[in-house]
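Participant:
Protein chains: 2
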Amino acid sequence: MNPTAAILLIGDEILSGRTKDSNGNFLAKRLAELGIDLREIRVVPDEHGVIVAALNAMRVAHTHVFTSGGIGPTHDDITADAVAAAFGVEIGVREDARAILATHYDNPAELNEMRLRMARIPEGATLIDNPISKAPGFSLGNVHVMAGVPVIFEAMVAGLLPTLTGGAALHSVSVRIDKPEGEVAAGLAKIAARHAQLSIGSYPFVSASGFGTNIVARGTEQSMLAAAEAEILTLR
Amino acid sequence: MNPTAAILLIGDEILSGRTKDSNGNFLAKRLAELGIDLREIRVVPDEHGVIVAALNAMRVAHTHVFTSGGIGPTHDDITADAVAAAFGVEIGVREDARAILATHYDNPAELNEMRLRMARIPEGATLIDNPISKAPGFSLGNVHVMAGVPVIFEAMVAGLLPTLTGGAALHSVSVRIDKPEGEVAAGLAKIAARHAQLSIGSYPFVSASGFGTNIVARGTEQSMLAAAEAEILTLR
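Residue numbers (my numbering), protein chains in the order written: chain A, 1 to 236; chain Z, 1 to 236.
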C-alpha cells in the first residue's frame, strides 16, 4: 500500500473565486510521481476553528497532510497558530527561524514586529526551507505547512518531497476516442472489470467536432497498463 | 446571515493532477455575486463510501451543496447512487429523465443500456436542465448534482442558480501595493480592526520588480468598502 495524502488549501481568496488555486494541481502531480496517493483536497476559509477541525480530521486519516497559505506577516495569517492548536502544543518565536528570516533584510530594523510573526513556530516542528523569501515553512508530525504564493509553495515542495518516503509511482496511459462516452461505455466496463488492479476512468469532452471521450488508465505496473491500453484502443 | 454553500468535486482525475479543476472557481464567483457564502470546496475520489461520507458531512453543515462529476454513462460514474445512499432513498430510471435523454439521439437504439444509466434519478429529486447533452442533473433536498464537463456544468449552474434564494451580494475592492507584506502589515492590522464588518485579506505576490501585496476588502456594503479603500490607499 502506498502512503496517502491530503492537501488543505487555506484562504478566503479561493472561496470568493478571486484566486484560482494552482498549488493543489502542482502538488497532486508531484505526489503521483512519488507514489503518494492523494485522497483529498479541501479548501477552507481563514478561520481558526475551521482550520483546526480540518487538520485534525485529515492528519489521522492520511500519512501526510500538506497545507498552503496563511503563514505570512499579516493579521489574516493564522495557520501556524491553528496547527499548534490542532496538536495542542505551544507556539512562539524560534531563534533559528528568526535568524533565517533576518538574512532576508539588509537592515535589522526591517525585521519588524509583524514580520517576526513569521518566525513563530509550533513546539517540536522541523523547518522547511524557503529559498525565495526566507520565511520558513515547517513540518509538525505528519503535517507540512507551506506558503500560499505559488513560486514559494513550489520551492518549498521541491525541498520537502525528497525527505518523504514514497511508494510505487503511479503511471498512466491516455487514449482519446472521438466518440461520445455512451458508445464506448459498455465495452469499457468490461475492460475495467478485466483489469481490476488498474484505475480506469472515462473523461468526456465537448469539442468543435462534437462529443469525445478520453480514457485514462492508472496503475503502478507499466506492463499492465500496456495490456489495458491495447484493449482500450479497440474501442476507437 | 447569508445562506452558505459547499462544493464537492468528484473525480480521480483531479486528485491525480491530470485535470485542473475549473468548476470550483466558476461556481465560487457566481455564488459570491448571489450572496451565498461558499465555505468549503472538497475534492474526493470516485469511491462510493468517501462520496457518501462527504455528502452527509456537508449537507447538514450548509444551506446548499453543489456537486460536480460522476453522472455520465460509464462504470466510474457513481455519484447518483452515492447521493441516493446518503439520503437513504431508492434510485431507478425515471420516465421523464428517459424521455429528455431520448431527445438527444436520432435513433432510439442509441439510447443503450449504459446511456440509460443517466436517467437513473434518486426518489424525490427535481431535474436540472442540461441544454448541451440533455442528460439531466438533479437536486435532492439541498444537494445539487451536476456534470463535471465544464461547459455542461456551467450551463447547469446557469439554470439552477436563479431558482435559489441568495443573500446580500458580496462586493470587493482591491488595492495593489508595490511593497512587501511586512511593510504594510502593522498598518493593515489597524485598518482591519477598525472595519470589523468587512473581511480584509492580504495576498502577497512576487513579480519581476520584487515583492508586492494585493489588499482585498470584501463586504456587502459599498459605502463601508469605499471608506476602507481610502484608508488602505494610505499604505502605498
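We put the CB at the ideal spot given by N, CA and C, even for glycine.
Kindly list the residues whose CB is nearer than 7 Å to the CB of Z:A120, restricted to its own chain and excluding five residues on each side of it in sequence; keep chain order.
Facilitator: Stepping through the second sequence from its first residue, residue 120 of chain Z is reached at position 120. The residue you asked about is not Ala; residue 120 of chain Z is Arg in the sequence shown. A80, I91, G92, V93.
Participant: Any idea which residues DSSP pairs Z:L8 with across the strands?
Facilitator: Reading the second sequence from its first residue, position 8 is the one you call residue 8 of chain Z. Bridge partners of Z:L8: Z:R42, Z:T67.
Participant: Mind the definition here: the region 96-106 of chain Z touches the region 124-136 of chain Z only if three or more C-beta pairs lie below 8 Å; say whether that holds.
Facilitator: Output reads yes: the region 124-136 of chain Z touches the region 96-106 of chain Z.
Participant: Can you give me, in chain order, the residues of the region 175-196 of chain A that have a beta carbon less than 7 Å from any beta carbon in chain Z?
Facilitator: Those would be E181, G182, A185, A186, L188, A189, A192, in chain order.
Participant: Locate the beta strand (DSSP E) running through Z:P122, then write down its first and last residues.
Facilitator: Translated into the one-based positions of the second sequence, residue 122 of chain Z becomes position 122. Residues 120-122.
Participant: Is it right to say A:V216 is buried, meaning 16 or more other beta carbons lie within 10 angstroms of its own, or is it exposed?
Facilitator: Your numbering for residue 216 of chain A matches position 216 in the first sequence. Buried, since its Cβ has 16 or more Cβ neighbours within 10 Å.
Participant: Taking only three categories from DSSP, how would you classify Z:L170?
Facilitator: Along the second sequence, one-based indexing puts residue 170 of chain Z at 170. Reduced to three states, the DSSP call for Z:L170 is coil.
Participant: Helix, strand or coil: which one does DSSP assign to Z:P3?
Facilitator: Taking the second sequence and counting its residues from 1, the one referred to as residue 3 of chain Z is at position 3. The answer is coil: DSSP assigns Z:P3 none of H, G, I, E or B.
Participant: Consider the Cβ of Z:H75: report whether some Cβ of chain A lies at a distance smaller than 8 Å.
Facilitator: Sequence index remark: in the second sequence, residue 75 of chain Z carries index 75 (1-based). Cβ-Cβ to chain A under 8 Å: yes for Z:H75.
Participant: Under 8 Å by Cβ, that's how I've got A:N2 and A:I36 pegged, so tell me the actual separation to the nearest angstrom.
Facilitator: Within the first sequence, the letter at position 2 stands for residue 2 of chain A. Within the first sequence, the letter at position 36 stands for residue 36 of chain A. Yes, they are in contact, since the Cβ atoms of A:N2 and A:I36 sit about 6 Å apart, within 8 Å.
Participant: Count the C-beta pairs between the region 180-187 of chain A and the region 200-219 of chain A that are closer than 8 Å, then say yes if the count reaches three, no if not.
Facilitator: The region 180-187 of chain A, when compared against the region 200-219 of chain A, does touch it at the 8 Å Cβ threshold.
Participant: Could you check how far apart the C-beta atoms of A:L160 and A:T220 are, in whole angstroms? I think they sit under 8 Å.
Facilitator: As a first step, residue 160 of chain A must be located in the first sequence, where it is residue number 160. As a first step, residue 220 of chain A must be located in the first sequence, where it is residue number 220. About 23 Å; that fails the 8 Å criterion.
Participant: Under 8 Å Cβ to Cβ from A:D271, same chain only, skipping five residues before and after it: list those, please.
Facilitator: Here chain A covers residues 1 to 236 and nothing more, so residue 271 of chain A does not appear.
Participant: Grouping DSSP H, G and I as helix and E and B as strand, with all else coil, what is Z:S209?
Facilitator: As a working note, residue 209 of chain Z is residue 209 in the second sequence. Correct three-state label for Z:S209: coil.
Participant: Start and end of the beta strand (DSSP E) containing Z:T126?
Facilitator: Position 126 of the second sequence holds residue 126 of chain Z. Element bounds for Z:T126: 126-128.
Participant: Fully enclosed by the region 174-210 of chain A, which beta strand (DSSP E) runs are 3 residues long or longer?
Facilitator: List check, beta strand (DSSP E) in window: 199-207.
Participant: Count the other C-beta atoms from every protein chain shown that fall within 10 angstroms of the C-beta of Z:T19, then say buried if there are 16 or more, exposed otherwise.
Facilitator: Here residue 19 of chain Z refers to the residue found at position 19 of the second sequence. By the neighbour-count rule (16 or more Cβ atoms within 10 Å), Z:T19 is buried.
Participant: Would Z:V65 pass as an interface residue toward chain A - the criterion being a Cβ-Cβ separation below 8 Å?
Facilitator: Along the second sequence, read from residue 1 onward, the residue named residue 65 of chain Z stands at position 65. No, because no Cβ of chain A sits closer than 8 Å to the Cβ of Z:V65.
Participant: Could you check what DSSP says for Z:I215 in three-state terms: helix, strand or coil?
Facilitator: Here residue 215 of chain Z corresponds to residue number 215 of the second sequence, with the count starting at 1. Of the three classes helix, strand and coil, the one that applies to Z:I215 here is strand, per DSSP.
Participant: In angstroms with no decimal places, state the Cα-to-Cα distance between A:I100 and Z:G70.
Facilitator: Taking the first sequence and counting its residues from 1, the one referred to as residue 100 of chain A is at position 100. Taking the second sequence and counting its residues from 1, the one referred to as residue 70 of chain Z is at position 70. Going from the Cα of A:I100 to the Cα of Z:G70 covers about 47 Å.
Participant: Under 8 Å, Cβ to Cβ, is there at least one residue of chain Z near A:K134?
Facilitator: Taking the first residue of the first sequence as 1, we reach residue 134 of chain A at position 134. No, A:K134 lies away from the interface with chain Z (no Cβ there is under 8 Å from its Cβ).
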